[in-house]
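Data first, discussion second: the structure below is written as structure tokens.
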Amino acid sequence: MATSTWRLRVRLTDSPGVLARLTVRLAAQDCNVLALTVLPVPDGVVDELVVTAPDALRPADLVDLLRAEGGRQVSITAASVHDLVDERAATLRAVGRVLAEPMELAASLRSLLGADSVQPVTPGPEMTGWGVSAIDDHQFVVALPGGGALLVRRAWAAFTDTELARAFSLLETLEAAGRFVAEPRAVVTSDGAGLVLRIGRPSDADDLAALHRRCSMRTLFARYHAGMRTVPRRWLHRLLSPPRGATLLAMAGSDVVAVGQLIGMADPRRAEVSLLVEDGWQRRGVGAALLSQLAFMARGEGYEELVSWCLPTEAALPRTAARAGLDVRQSVEDGLLRVAMPVSKTGSVRRVSASTEQLRR
């Protein structure tokens with residue numbers, strides 16, 4: 040019998056026998072409970088179950104089963120083997136992962152909380168210090184110890200106070216260990232020049248336009264695959280505020296010298312990535328630093344692979360990906376070179392942006 044694995048959350052009255060009756064109902068439909076976590080909430084508990092169910096049983100049928108036993112606020116999403124890790128073991132693994140590499144905080148938060156995405160945002164003026172602030176039941180902001188912020192979202196189920204406390208505890212551990220995650224992030228080029236990587240804002244439109252004016256026709260053609268000297272104003276807005284994505288800028292003082300974009304594709308497992316580096320800053324490790332940072336961002340948002348297209352005669356992107364520690368898979372599609380770069384947690388992403396030695400290779 041073919042089965043699927045599901046992650047369910049249900050709010051139950053905290054009274055004897057309720058959970059037992061619920062599991063009996065599931066067993067009667069050939070469902071097997073693989074994991075159970077109890078999260079205390081006001082006036083009851085939220086039970087999270089990972090179950091296997093026959094494919095003939097639709098997600099709506101599972102929801103109806105839980106509601107028939109008095110379950111409220113029932114949520115369901117597809118699950119994987121990663122959801123079967125013991126809660127305490129998953130927490131310890133997340134802490135160790137972030138202590139070893141602070142840039143893994145977004146991916147670790149996403150894994151620990153079962154979030155849909157964790158993405159960097161520009162902190163608002165009301166954010167002082169560091170901590171966790173709920174926006175609504177389905178999203179909250181993590182103000183980082185070293186500056187910057189992360190927006191954590193989960194559509195399939197509301198966050199509980201217990202989960203917000205877990206996120207805060209992870210920050211406390213980072214702060215106590217002196218392992219700050221900072222946004223913006225400083226990097227050093229191969230010749231010792233200092234740059235700052237930060238998220239782009241609409242107010243950066245004029246500086247981004249200036250970057251394009253300083254780039255050669257060859258550099259612009261390699262990025263856009265079309266001859267151009269100036270960028271229309273409406274393009275600048277989309278470059279800085281892309282739908283389903285984010286833009287990362289490399290700043291030398293007040294000048295934008297490079298820009299990278301991460302944009303979600305129709306396949307939820309993949310995101311398109313693109314880079315534009317000013318001619319005078321090329322071959323100095325700037326592209327590798329941008330791509331490495333974008334890879335960390337992609338992992339935090341749940342993507343498994345980055346994809347980019349370039350001209351078949353251009354070797355810059357595959358070379359940059361290799362310097363960023365990413366595996367590269369190349370193929371030719373519609374006359375363009377398709378470069379695929381896995382960024383799943385089993386892959387290798389080096390901390391290029393914080394390592395001068397790697398930039399100098």
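Numbering (this note's numbering), first residue to last: 40 to 400. Cβ atoms here follow ideal geometry from the backbone N, Cα and C, with glycine treated the same way.
Run the CB neighbour count on residue i, radius 10 Å, all protein chains shown included, and call it buried at 16 or more, exposed below.
{"i": "residue 105", "result": "buried"}
{"i": "residue 264", "result": "exposed"}
{"i": "residue 139", "result": "exposed"}
{"i": "residue 87", "result": "buried"}
{"i": "residue 238", "result": "buried"}
{"i": "residue 199", "result": "buried"}
{"i": "residue 217", "result": "exposed"}
{"i": "residue 206", "result": "buried"}
{"i": "residue 75", "result": "exposed"}
{"i": "residue 345", "result": "buried"}
{"i": "residue 269", "result": "exposed"}
{"i": "residue 372", "result": "exposed"}
{"i": "residue 256", "result": "exposed"}
{"i": "residue 351", "result": "exposed"}
{"i": "residue 398", "result": "The predicted position of residue 398 is uncertain, since its pLDDT is 38 and thus under 50; a value taken from the coordinates is nonetheless stated next. Its Cβ being crowded by 16 or more others within 10 Å, residue 398 is buried."}
{"i": "residue 356", "result": "buried"}
{"i": "residue 303", "result": "buried"}
{"i": "residue 388", "result": "In this prediction, residue 388 has a pLDDT of 44, which is less than 50 and means its spatial position is unreliable; what the coordinates show is noted afterwards. Its Cβ being crowded by 16 or more others within 10 Å, residue 388 is buried."}
{"i": "residue 149", "result": "buried"}
If you compare alpha carbons, which of the options is closest to residue i?
{"i": "residue 114", "options": "89, 187, 135", "result": "89"}
{"i": "residue 202", "options": "171, 341, 281, 332", "result": "171"}
{"i": "residue 295", "options": "322, 345, 254", "result": "254"}
{"i": "residue 152", "options": "48, 183, 111", "result": "48"}
{"i": "residue 159", "options": "65, 54, 186, 262", "result": "186"}
{"i": "residue 97", "options": "54, 42, 119", "result": "42"}
{"i": "residue 381", "options": "368, 375, 373", "result": "368"}
{"i": "residue 232", "options": "81, 45, 319", "result": "319"}
{"i": "residue 259", "options": "372, 353, 178", "result": "353"}
{"i": "residue 290", "options": "316, 377, 341", "result": "316"}
{"i": "residue 251", "options": "229, 234, 278", "result": "278"}
{"i": "residue 50", "options": "69, 84, 73, 67", "result": "84"}
{"i": "residue 45", "options": "68, 73, 67", "result": "73"}
{"i": "residue 67", "options": "132, 101, 53", "result": "101"}
{"i": "residue 196", "options": "358, 228, 362, 78", "result": "78"}
{"i": "residue 11", "options": "234, 281, 52, 280", "result": "Because the chain here runs from 40 to 400, residue 11 falls outside it and cannot be looked at."}
{"i": "residue 219", "options": "146, 182, 327, 281", "result": "182"}
Per DSSP, what kind of secondary structure is residue i in: helix, strand or coil?
{"i": "residue 170", "result": "strand"}
{"i": "residue 91", "result": "strand"}
{"i": "residue 321", "result": "coil"}
{"i": "residue 406", "result": "Given a span of 40 to 400 for the chain in the structure shown, any question on residue 406 remains unanswerable."}
{"i": "residue 379", "result": "strand"}
{"i": "residue 270", "result": "coil"}
{"i": "residue 40", "result": "coil"}
{"i": "residue 340", "result": "coil"}
{"i": "residue 161", "result": "coil"}
{"i": "residue 294", "result": "strand"}
{"i": "residue 233", "result": "strand"}
{"i": "residue 62", "result": "helix"}
{"i": "residue 353", "result": "coil"}
{"i": "residue 260", "result": "helix"}
{"i": "residue 187", "result": "coil"}
{"i": "residue 126", "result": "helix"}
{"i": "residue 57", "result": "helix"}
{"i": "residue 228", "result": "coil"}
{"i": "residue 86", "result": "strand"}
{"i": "residue 67", "result": "helix"}
{"i": "residue 412", "result": "What is shown of the chain runs 40 to 400, which leaves residue 412 out entirely."}
{"i": "residue 119", "result": "coil"}
At the level of alpha carbons, what is the spacing between residue i and residue j?
{"i": "residue 310", "j": "residue 62", "result": "39 Å"}
{"i": "residue 307", "j": "residue 59", "result": "36 Å"}
{"i": "residue 271", "j": "residue 247", "result": "11 Å"}
{"i": "residue 103", "j": "residue 57", "result": "16 Å"}
{"i": "residue 339", "j": "residue 175", "result": "20 Å"}
{"i": "residue 117", "j": "residue 71", "result": "15 Å"}
{"i": "residue 348", "j": "residue 365", "result": "16 Å"}
{"i": "residue 341", "j": "residue 107", "result": "33 Å"}
{"i": "residue 81", "j": "residue 204", "result": "15 Å"}
{"i": "residue 395", "j": "residue 240", "result": "Low local confidence applies: a pLDDT of 34 at residue 395 is under 50, so the model's placement there is unreliable, and no value is given."}
{"i": "residue 242", "j": "residue 161", "result": "12 Å"}
{"i": "residue 359", "j": "residue 261", "result": "14 Å"}
{"i": "residue 229", "j": "residue 112", "result": "54 Å"}
{"i": "residue 313", "j": "residue 64", "result": "50 Å"}
{"i": "residue 54", "j": "residue 110", "result": "12 Å"}
{"i": "residue 40", "j": "residue 343", "result": "29 Å"}
{"i": "residue 370", "j": "residue 379", "result": "8 Å"}
{"i": "residue 188", "j": "residue 180", "result": "7 Å"}
{"i": "residue 125", "j": "residue 282", "result": "36 Å"}
How about residue i: is its C-beta nearer than 9 Å to some C-beta of chain B?
{"i": "residue 366", "result": "Looking at the structure shown, chain B is missing, and only one protein chain is on hand."}
Hey, would you say the C-beta of residue i is under 8 Å away from at least one heavy atom of the ligand SAM?
{"i": "residue 100", "result": "The ligand content of the structure shown is nil, which means the ligand SAM is not present either."}
Practice item. Report yes or no: do three or more beta-carbon pairs, one from the segment 292 to 310 and one from the segment 322 to 335, lie closer than 8 Å? Key: yes
Check your understanding: Three or more beta-carbon pairs under 8 Å between the segment 88 to 103 and the segment 211 to 227, yes or no?
Key -> no
Check your understanding: Counting Cβ pairs closer than 8 Å, one from the segment 286 to 293 and one from the segment 187 to 202, do we hit at least three?
Key -> no
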